[in-house]
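1 is the number of the first residue of the sequence shown in the working numbering; add one for each residue after it.
Glycine included, every Cβ here is placed at the ideal spot set by N, Cα and C.
The model shown is predicted, which means the values in this text are computed figures rather than measured ones.
Read the structure below first, then the notes.
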Amino acid sequence: MPDAAATVPTRPDFSGLVDHVGLTVTDLDRSEAFYTSVLGLLRLADFGHARVLVHRPTSFMLALVRHEGADGAPFTELNTGLDHVGFAVGSRDELVAWQHRLEELGVEHTPVRDMEFGHHLNFRDPDHIALELSASNDIALAWLAELRDREIPRAEIDARLGDYLESLSVP
1 MPDAAATVPT RPDFSGLVDH VGLTVTDLDR SEAFYTSVLG LLRLADFGHA
51 RVLVHRPTSF MLALVRHEGA DGAPFTELNT GLDHVGFAVG SRDELVAWQH
101 RLEELGVEHT PVRDMEFGHH LNFRDPDHIA LELSASNDIA LAWLAELRDR
151 EIPRAEIDAR LGDYLESLSV P
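Next comes the structure, spelled out in structure tokens:
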């Protein structure tokens, strides 16, 4: 009989994709309406205390959960735990299109911001949960591709990142 420990990888892998995110909400109907109208998610299941929404093209699932005894206080990223949920889009132009969509829906948001590794815009759901739409820039996409293709020593990562940030005049 083979040794079970010998068959367990020393560094288990996963697909790298997020399968689902569960968010505690105060009002399931209000939250479902927000995520279906704003992000185009579809309700997959209603379990009474929780609803599971799905992004059909990617199968990403978002669970909205109403916990008994929850205090109902609005979300704040200042508490330990979740800071924000980020969703990827393909380009800066797509972010601009999202900015217009959020404006049409009356959803308060930041402008599209250009950052060191790409572009993003932020908004909040009805429970004040921080949400972000982001698009990586060409430099970030190249780095991520290189990291997928080969092992890069930590010292090289740090040195290259330092050089890149210095070229942008980022301390």
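Residue environment, residue i, which counts as buried when at least 16 other CB atoms sit within 10 Å
i, result
"His100", "exposed"
"Asp163", "exposed"
"Gly118", "buried"
"Ala142", "exposed"
Of the residues the options, the one placed nearest residue i, counting alpha carbons only
i, options, result
"Asp19", "Val65, Phe60, Leu44", "Phe60"
"His128", "Pro74, Leu141, Gly118", "Pro74"
"Leu44", "Ala63, His120, Leu161, Leu133", "Ala63"
"His49", "Pro57, Leu144, Arg66, Ala140", "Arg66"
"Leu133", "Ser169, His84, Ala33", "His84"
"Asp46", "Gly40, Asp29, His55, Leu39", "Asp29"
"Glu94", "Val25, Ser136, Val107, Ala159", "Ser136"
Unbroken beta strand (DSSP E) run spanning residue i, endpoints
i, result
"Val38", "From DSSP, Val38 is part of no beta strand (DSSP E) but of the alpha helix (DSSP H) over 28-38."
"Leu23", "20-24"
Coarse secondary structure for residue i, derived from DSSP in three states
i, result
"Leu165", "helix"
"Leu17", "coil"
"Leu41", "coil"
Segments assigned alpha helix (DSSP H), at least 4 residues, entirely inside the stretch 85-161:
Whole alpha helix (DSSP H) segments, 4+ residues: 92-105, 138-149.
Could you tell me which uninterrupted beta strand (DSSP E) segments, each at least 3 residues in length, are contained entirely in the stretch 44-93, listed from first to last along the chain?
Counting whole runs of 3 or more residues, the stretch 44-93 contains the beta strand (DSSP E) stretches 50-55, 60-65, 85-88.
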